[in-house]
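Below is one structure, written out as structure tokens, with a few remarks after it.
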Amino acid sequence: MAEMFQAPKGTRDILPPESDRWQALVAVFADVFGRAGYGLVQSPMFEDIGVFQRLGEGTEVVRKEMYDFFDKGDRHLALRPEGTAPVVRAFNQHRPTVPWKVWYLTPCFRYEEPQAGRFRQHHQVGAEAIGSADPDLDVEVIALQHDFYRALGLNSLTLRLNSMGSPGDRQAYGGQLAAWLGERLGQLDEADRANAAEHPLRVLDSKRERTMAAVADAPLITDGLSADAAAHFERVQAGLEALGVAYEIDPRLVRGLDYYTHSTWEFAAGALTSAQNAVGGGGRYDGLAESLGGKPAPGVGFGAGIERILLAADAEDALTETSGGVDVFVVDVTGGDAGRDLTFELRRNGISADRSFDARSMKAQMKVADRSGARLALLVGEDEVAAGTVTLRDLRSGEGQTSVSRSEVVAKLAAKLAEGGKL
RNA sequence: CGGGCCGUAGCUCAGUCAGGUUAGAGCGCCGGGUUGUGGUCCCGGAGGUCGGGGGUUCAAAUCCCCUCGGUCCGCCCA
397 MAEMFQAPKG TRDILPPESD RWQALVAVFA DVFGRAGYGL VQSPMFEDIG VFQRLGEGTE
457 VVRKEMYDFF DKGDRHLALR PEGTAPVVRA FNQHRPTVPW KVWYLTPCFR YEEPQAGRFR
517 QHHQVGAEAI GSADPDLDVE VIALQHDFYR ALGLNSLTLR LNSMGSPGDR QAYGGQLAAW
577 LGERLGQLDE ADRANAAEHP LRVLDSKRER TMAAVADAPL ITDGLSADAA AHFERVQAGL
637 EALGVAYEID PRLVRGLDYY THSTWEFAAG ALTSAQNAVG GGGRYDGLAE SLGGKPAPGV
697 GFGAGIERIL LAADAEDALT ETSGGVDVFV VDVTGGDAGR DLTFELRRNG ISADRSFDAR
757 SMKAQMKVAD RSGARLALLV GEDEVAAGTV TLRDLRSGEG QTSVSRSEVV AKLAAKLAEG
817 GKL
């Protein structure tokens, strides 16, 4: 036998019935954002690697986790590690009218070691609003993301919010913090010392006890915001409060992407005990369009990981109702003609229907009908063909069968299903 | 990239520590009991290069080495 292949390391197949939950999740997302005026954006799965490199060399995802390759034309490309940069690139390229409000569903690729809730290919839904610096857009995006989780039935989420200030604020604070840390290197956990000069903000977010103690009284970025940045931050908080979105300010919240300015936030699932409990995060990125070669354009958005959301949903026992399966199952023991024709007659009249194949026995076909989850079975045998009828059986109650004229099947079934729908 | 645990039937696992007859169970699947009727029950059946390679041995699922994969932690993130 030939070598059998399996999905590459860190990737997985999503099969029914699990995929039913994906469909349901995406449908909720599309509904929440569609009703808020966000349109779907589909951009390529790969980009010139420069699109991602401009996210900043300090970004771990860019520095060492990129899935890059050269194509036959010697172009250096990379599979998208995150969702925002390609959308901003598309914005620069097409110059749509602003604010440009879009949502997306996309796989993301990162070359790292898989573990709980972490894959080499994972999937994100996300939204971006580009072309306006209005803090009310920060509020809108955060509140919609919050409403999306609520619509899924997730209740254990917490929202951490921070402000990175204006680009100038961030830079000044970074220098100040690096200097502060530099004087206390010996007090930090060894593993955090390397970051003190290059990525001082990361040190603040360390979970190592020694470091946490050492930085307890470190200067906080929120204490040194410029007047404009402070006003922006306050407006965002007021908006969230007005809309009933609970949050907590966390001046130590640092997110992996270096391009954030002003608002940054992260939703974490309290129900998840694993290390990877962030189910979505985002921020404002007022300098990103320009660093990607476009005209300056402020923007704000977030990405949310589908795999993580589903893990959180499992932990909370949410998103359990999915609508797989068909309403009607056709059982034909006359050789298959009736099964073929009747099944398509139903389908073409808007009734979901399936059948069995391989001319199996009635008993076998009934077992398949049962497993299919169909509410009703239509039985066709020699007697029915001779009489020009089909036998209708209710698989839920299992009681009684009725004979229906072949010509009235569609109408009767439609009525029967509508009746059942009320229950 | 550093570390722990685990790979036996489609799935969940026993058997591995103390190597030894045709490698087991439950669930699922297929068939029969009911020559046209599912979900319960009964009977039967199919299905495994014991992740892969190498080594030790008269003999390896079992011991040793390598490798691939899974899983979890650090790190990082969704």
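Be aware that the first sequence starts at 397, since it is given in this note's numbering, and climbs by one per residue.
Even glycine gets a Cβ: it sits at the ideal position worked out from N, Cα and C.
Keep in mind it's a predicted model, so treat the numbers as computed, not measured.
Determine whether the beta carbon atoms of L616 and P647 lie at a separation below 8 Å.
As a first step, residue 616 is located in the first sequence; it is residue number 220 there, counting from the start. As a first step, residue 647 is located in the first sequence; it is residue number 251 there, counting from the start. With contacts defined as CB atoms closer than 8 Å, L616 and P647 qualify as a contacting pair.
Please work out which residues of its chain come closer than 8 Å, Cβ to Cβ, to P413, disregarding the five sequence neighbours upstream and downstream, and give them in chain order.
Position 17 of the first sequence holds residue 413. Contacts found: T718, G720.
Quick one: using the 10 Å Cβ neighbour count with 16 as the cut-off for buried, is F429 buried or exposed?
The residue given as residue 429 occupies position 33 in the first sequence. It counts as buried.
Tell me whether T502 sits in a helix, a strand or coil according to DSSP, three-state version.
Start at 1 with the first residue of the first sequence, and residue 502 comes out as number 106. Here T502 sits in strand by DSSP.
How many angstroms separate the CA atom of Q489 from the CA atom of Q419?
The count along the first sequence starts at 1 and reaches residue 489 at position 93. The count along the first sequence starts at 1 and reaches residue 419 at position 23. Rounded to the nearest whole angstrom, the CA to CA distance from Q489 to Q419 is 31 Å.
Relative to the alpha-carbon of Y643, which residue among P404, R556, G549 has its alpha-carbon at the smallest distance?
Locating residue 643 in the first sequence gives position 247, counting from the first residue. Ranking P404, R556, G549 by Cα distance to Y643 puts R556 first.
Can you tell me which of the three DSSP states F753 falls into?
The sequence position of residue 753 within the first sequence is 357, counting from 1. In the displayed model, F753 falls within coil according to three-state DSSP, outside both helix and strand.
Look up S659 in the DSSP assignment and say whether it is helix, strand or coil.
Within the first sequence, numbered from 1, the residue matching residue 659 stands at position 263. Strand.
So, under 8 Å CB-CB, P694 and R680 are touching, yes? Tell me the CB distance rounded to an integer number of Å.
Here residue 694 is taken as the residue at index 298 of the first sequence, counted from 1. Here residue 680 is taken as the residue at index 284 of the first sequence, counted from 1. Indeed, because the Cβ distance is near 7 Å, the residues count as touching under 8 Å.
Check D530 in the structure and name its three-state DSSP category.
Your numbering for residue 530 matches position 134 in the first sequence. Here D530 sits in coil by DSSP.
Determine contact between the stretch 658-665 and the stretch 529-541, defined as no fewer than three beta-carbon pairs at a distance below 8 Å.
Result yes; three or more Cβ-Cβ pairs closer than 8 Å.
Is it buried or exposed for Q583, if we count other Cβ within 10 angstroms and need 16 for buried?
Along the first sequence, one-based indexing puts residue 583 at 187. Q583 comes out exposed.
Residues that DSSP places opposite I645 in a beta bridge
If you number the first sequence from 1, residue 645 lands on position 249. When DSSP reads this structure, I645 sits in a beta bridge with L557.
What residues are listed by DSSP as bridge partners for G522?
Here the question's residue 522 lines up with position 126 in the first sequence. Bridge partners of G522: Y500, G699.
Nearest candidate by alpha-carbon position, reference E804, set G794, G784, A709, A814:
Walking along the first sequence from the start, residue 804 turns up at place 408. Closest option to E804, Cα to Cα, is G784.
Taking just the CA atoms, how far does F425 sit from F505?
Locating residue 505 in the first sequence gives position 109, counting from the first residue. Locating residue 425 in the first sequence gives position 29, counting from the first residue. Approximately 21 Å between the Cα atoms of the pair.
Are R566 and D585 touching if we call contact CB-CB under 8 Å?
Residue 566 sits at position 170 when you count from the first residue of the first sequence. Residue 585 sits at position 189 when you count from the first residue of the first sequence. Result no, Cβ atoms of R566 and D585 do not sit closer than 8 Å.
Excluding sequence positions up to five away, which residues of its chain have a Cβ less than 7 Å from the Cβ of A610?
Taking the first sequence and counting its residues from 1, the one referred to as residue 610 is at position 214. Around A610: R580, Q583, L584.
Look at the Cβ atom of V437, then the Cβ atom of V484, and state whether they are nearer than 8 Å.
Your numbering for residue 437 matches position 41 in the first sequence. Your numbering for residue 484 matches position 88 in the first sequence. For V437 and V484, no; Cβs fall outside 8 Å.
Going by the beta-carbon positions, is the gap between F697 and E524 smaller than 8 Å?
Position 301 of the first sequence holds residue 697. Position 128 of the first sequence holds residue 524. It should be pointed out that residue 697 corresponds to Gly in this sequence rather than to Phe. For G697 and E524, yes; Cβs fall inside 8 Å.
Excluding the 5 residues preceding and the 5 following M397 in the sequence, name in chain order all residues of the same chain whose CB lies nearer than 7 Å to its CB.
For the purposes of this step, residue 397 is taken as the residue at position 1 of the first sequence. In this prediction, M397 has a pLDDT of 47, which is less than 50 and means its spatial position is unreliable; what the coordinates show is noted afterwards. Once the five neighbours on either side are set aside, M397 has no close Cβ partner at all.
Assigned secondary structure, R680 (DSSP; H/G/I helix, E/B strand, else coil)
Indexing the first sequence from 1 puts residue 680 at position 284. Here DSSP, grouped into helix, strand and coil, assigns R680 to strand.
Cα-Cα separation between Q633 and D409, rounded to whole angstroms:
The residue given as residue 633 occupies position 237 in the first sequence. The residue given as residue 409 occupies position 13 in the first sequence. For Q633 and D409, the gap between their C-alpha atoms comes out near 41 Å.
Note down the Cα distance separating V727 from D779, rounded to an integer number of angstroms.
Mapped onto the first sequence, residue 727 falls at position 331. Mapped onto the first sequence, residue 779 falls at position 383. Looking at the backbone, the Cα of V727 and that of D779 are separated by about 13 Å.
Using the C-alpha atoms, what's the distance from F465 back to R471?
If you number the first sequence from 1, residue 471 lands on position 75. If you number the first sequence from 1, residue 465 lands on position 69. In a straight line, the C-alpha of R471 is about 8 Å away from that of F465.
Helix, strand or coil at A674 [DSSP, three-state]:
Sequence index remark: in the first sequence, residue 674 carries index 278 (1-based). In this structure, DSSP gives A674 an extended state, which the three-state scheme calls strand.
Are the CB atoms of L791 and L772 within a distance shorter than 8 Å?
Stepping through the first sequence from its first residue, residue 772 is reached at position 376. Stepping through the first sequence from its first residue, residue 791 is reached at position 395. Note that the C-beta distance between L772 and L791 is below 8 Å.
Could you check whether G522 and G479 sit closer than 8 Å to each other, using their CB atoms as the reference points?
As a first step, residue 479 must be located in the first sequence, where it is residue number 83. As a first step, residue 522 must be located in the first sequence, where it is residue number 126. Yes, Cβ-Cβ distance for G479 and G522 is below 8 Å.
Determine the burial state of M462: buried for a count of at least 16 other Cβ atoms within 10 Å of its Cβ, exposed for fewer.
Sequence index remark: in the first sequence, residue 462 carries index 66 (1-based). The residue in question, M462, is buried, as its Cβ has 16 or more Cβ neighbours within 10 Å.
Any chance the stretch 545-560 sits against the stretch 730-745, with 3 or more Cβ pairs inside 8 Å?
Result no; under three Cβ-Cβ pairs closer than 8 Å.
In the DSSP assignment, find the unbroken beta strand (DSSP E) run with H472 in it and report its ends.
Counting from 1 along the first sequence, the entry for residue 472 is found at position 76. Segment 472-475, the beta strand (DSSP E) holding H472.
DSSP three-state call for K818: helix, strand or coil?
Position 422 of the first sequence holds residue 818. In this prediction, K818 scores a pLDDT of 41, lower than 50, which makes its location untrustworthy; the coordinate-derived value is nonetheless stated afterwards. Note: K818 maps to helix in three-state DSSP.
Could you tell me which whole alpha helix (DSSP H) segments of length 4 or greater appear in the stretch 704-777?
DSSP runs (the alpha helix (DSSP H)) wholly in the stretch 704-777: 733-744, 758-768.
Within the chosen definition, does the stretch 505-516 reach the stretch 683-692 through at least 3 CB pairs nearer than 8 Å?
Judged by Cβ distances under 8 Å, the stretch 505-516 makes no contact with the stretch 683-692, as fewer than three pairs qualify.
For R450, does the count of other Cβ atoms within 10 angstroms reach 16, so buried, or fall short, so exposed?
The sequence position of residue 450 within the first sequence is 54, counting from 1. With 16 or more other Cβ atoms within 10 Å, it is buried.
Given a cut-off of 8 Å, decide if A708 and A674 are closer than it, judged by their beta-carbon atoms.
In the first sequence, residue 674 corresponds to position 278, counting from 1. In the first sequence, residue 708 corresponds to position 312, counting from 1. Cβ distance not < 8 Å, so A674 and A708 don't count as in contact.
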